[in-house]
Amino acid sequence: SRPLPWLRAVPGGLLGRATILATETSFESSVASAPALCRALQEAAAGGGLAAADEVALMQMLATSNGARGFFVNWLTSEEWTAAESETPPQPLVQAICEAANQSMLSRLMLMNVAMPAATALAHERMGNENAAIASRLTARRASLLARAMLPRQPALTDAAATFQEAVDAAIQADNRSADFEWTEFLVRWGYDKQQLMLIRDSL
20 SRPLPWLRAV PGGLLGRATI LATETSFESS VASAPALCRA LQEAAAGGGL AAADEVALMQ
80 MLATSNGARG FFVNWLTSEE WTAAESETPP QPLVQAICEA ANQSMLSRLM LMNVAMPAAT
140 ALAHERMGNE NAAIASRLTA RRASLLARAM LPRQPALTDA AATFQEAVDA AIQADNRSAD
200 FEWTEFLVRW GYDKQQLMLI RDSL
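Residue 62 in my numbering sits at position 43 of the sequence shown, and the numbers go up by one each step.
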């Protein structure tokens with residue numbers, strides 16, 4: 020696979036392999052770079068593994084908000100990556116998520132990846148844009164499959180899912196006083212109505 024632009028190798032890394040360092044990159048750059056890793060994961064799902072450099076590159080991409088968002092924009096939306104529709108995600112992806120440096124950020128992002136396209140699909144349906152609704156439902160389904168697979172392995176995701184569920188329930192009841200502030204702010208910012216909130220709740 021082609022090298023990712025924010026990576027540089029430093030000789031003498033762990034276990035005699037090169038250590039690859041990362042610096043913060045833009046979301047746009049991450050979106051452009053992620054397909055190489057998605058392709059490697061698609062191939063790994065067929066029974067292979069990732070090259071050592073790709074393993075480290077995936078870890079580095081999931082370590083930052085821009086990198087993780089850029090990766091998931093590709094992995095969850097492109098019809099090419101059919102491995103994203105499996106109840107058993109590629110093992111290298113599972114491992115990278117479990118070992119990600121910022122578990123809180125990644126867990127919340129994974130839940131947003133479930134909620135936002137689920138609500139967006141309903142908005143597209145209301146406007147009569149069925150093709151866009153289908154694409155959003157695909158993204159929501161893939162995100163949900165990944166989250167469900169990771170729940171037993173990722174304590175931070177379990178905790179985040181519980182607080183998000185509470186915030187959604189509170190928003191449905193129009194009572195946000197006891198809900199998690201960040202999740203409540205997220206729901207208010209996007210202006211989801213009751214029907215969308217109920218759909219989000221059912222998707223979690």
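Even for Gly, the Cβ is constructed at its ideal location relative to N, Cα and C.
8 angstroms CB neighbourhood of residue i in its chain, flanking five on each side removed
i	result
Q105	It should be noted that the sequence gives Ser, not Gln, for residue 105. A64, L164.
T203	A186, A189, A190, N195
Secondary structure of residue i, DSSP reduced to three states
i	result
S4	Here the chain has residues from 20 to 223 only, and residue 4 is not among them.
M129	helix
A82	coil
R196	coil
Span of the alpha helix (DSSP H) around residue i
i	result
D212	Neither: D212 is in no alpha helix (DSSP H) and is coded neither H nor E.
A51	46 to 64
Q184	174 to 191
A162	149 to 169
A115	110 to 117
7 angstroms CB neighbourhood of residue i in its chain, flanking five on each side removed
i	result
W81	Note that residue 81 is Leu in the sequence shown, not Trp. If we look at L81 and ignore the five residues flanking it on each side, its Cβ neighbours are A87, F90, A115, I116, A119, L125.
A102	L60, Q61, A64, P109
Best match in the options for proximity to residue i [C-alpha to C-alpha]
i	options	result
M169	Q110, E62, N85, C57	Q110
M217	R208, E201, Q184, E204	Q184
L157	M129, L56, S97	S97
I219	A154, E201, A193, A159	A159
S123	A162, Q173, V207	Q173
Y211	S52, M131, A181	M131
Contacts around residue i, its chain only, beta-carbon distance under 6 angstroms, and the 5 residues preceding and following it disregarded
i	result
Q215	A138, L141
A151	H143
V50	G89, V92
R58	none
Residue i: CB within 8 angstroms of a non-hydrogen atom of the ligand MG
i	result
A166	Ligands are entirely absent from the displayed structure, and the ligand MG is therefore not among its contents.
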